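Residue numbering for the sequence shown follows this note's numbering, beginning at 1 and increasing consecutively.
Using N, Cα and C, we set each Cβ at its ideal position, and we do this for glycine too.
This structure is a prediction, so every number in the text was calculated from the model and none was measured.
Here the structure comes first, spelled out in structure tokens, and everything after it is commentary.
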Amino acid sequence: MKVNIHQQLVKHRNKQVTPGDLIQQVYQVLEQDTAQDKRIMETLLEDSGPAHNQFNPNLLETDRIFHLNDIKKICIDYRLRFLESNLFKGDIPAEAISKIKVLEKTHQTTLKGFMLMAPSKLFRLENYDDPLLFAPIGNGYYYLIHQWGNDLNRWRKWLMYPFRSFDTMVASTLIAAFLIALSFPESYFNPKYKITQFIFLFFFMFKVIGFCLIFFGVSKGKNFNSAIWNSTYVNA
């Protein structure tokens, strides 16, 4: 004679609790879960200012702990911003909320002061691809909770290299001017004054490229990566 495990489970459960009480307990669990989701979302969307969360150090994953200097370096390299979560205009995925709930339960704490690393276009900036959600640990350290979206273009770091600082812009302009001057055919130069003409062409291209970059930067209110990585202003 075979035993139906499902029936045995139902039989044992009904001895412990009535179906009506069971439904009531389920409703309570769902209500608590919904209330927790709502609280976390409200925390993510409110301007909480600087915060310090009480984590249990023994339960933290070391590959998710990053110092502000590490975050700043990556933001500058890839032209990203590291700002409060309330400025984020994208959707926070349910998976991120779930991970926050797991962390809060594991560490017996309520998390706050969330920060996000993402491209400028994903933030509501004053003066009107790949987000990462952090929670502050303290002393300049942050804990990575969740990452979503698509990975950044592998060439983004090098495409944004000229915009890291004034020095990198000058270096990039010099290299670009040299390569452009080098691309001109031999017939363009007089054999007698080849070196002199090349130098003049090089400096001419350097001034043209530099002028275009300055004009673009001023007209669009752009700034270097090192100046905007944690700025809430569009024209920082």
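1. DSSP state of phenylalanine 211, grouped into three classes?
2. Terminal residues of the continuous alpha helix (DSSP H) containing methionine 244?
3. Sorted by chain position, which residues of the same chain lie with C-beta nearer than 7 Å to alanine 181's C-beta, five sequence neighbours on each side aside?
4. Measuring CB to CB, does glycine 138 end up less than 8 Å from histidine 52?
5. Using C-beta distances below 7 Å, list every residue in its chain close to leucine 59, excluding the 5 sequence neighbours before and after it, in chain order.
6. Going by DSSP in three states, glutamate 84 sits in which element: helix, strand or coil?
7. Let me check one thing: in DSSP terms, what residues is glutamine 237 bridge-paired to?
8. In whole angstroms, what separates the C-alpha of tryptophan 155 from that of proline 162?
9. For alanine 118, I'd like the list of residues in its chain whose CB is within less than 6 Å of its CB, leaving aside the five on either flank, ordered along the chain.
10. Could you check where the beta strand (DSSP E) with lysine 67 kicks off and where it finishes?
11. State the Cα-Cα distance for the pair lysine 222 and aspartate 70, rounded to the nearest angstrom.
12. Between serine 226 and isoleucine 74, what straight-line distance do the alpha-carbon atoms span, to the nearest angstrom?
13. I need the boundaries of the alpha helix (DSSP H) containing alanine 96, first residue and last residue.
14. Any idea which residues DSSP pairs phenylalanine 224 with across the strands?
15. So, leucine 122 versus glycine 90, is the Cβ gap smaller than 8 Å?
16. Serine 85: which of Ala171, Gln24 and Lys112 sits nearest, CA to CA?
17. Which residue wins for smallest C-alpha separation from tyrosine 241, given the options Gln8, Ile228 and Lys72?
In short, the structure shows the following:
1. helix
2. Not covered by the structure: residue 244. The range shown for the chain is 1 to 236.
3. Phe198, Leu201, Phe202 and Met205
4. yes
5. Thr106 and His107
6. strand
7. What is shown of the chain runs 1 to 236, which leaves residue 237 out entirely.
8. 13 Å
9. Pro131
10. According to the sequence shown, residue 67 is histidine rather than lysine. Unbroken beta strand (DSSP E) run through histidine 67: 65-67.
11. 23 Å
12. 10 Å
13. 94-107
14. Beta-bridge pairing links phenylalanine 224 to no other residue.
15. yes
16. Lys112
17. As shown, the chain starts at 1 and ends at 236. That puts residue 241 outside it, with no answer to give.
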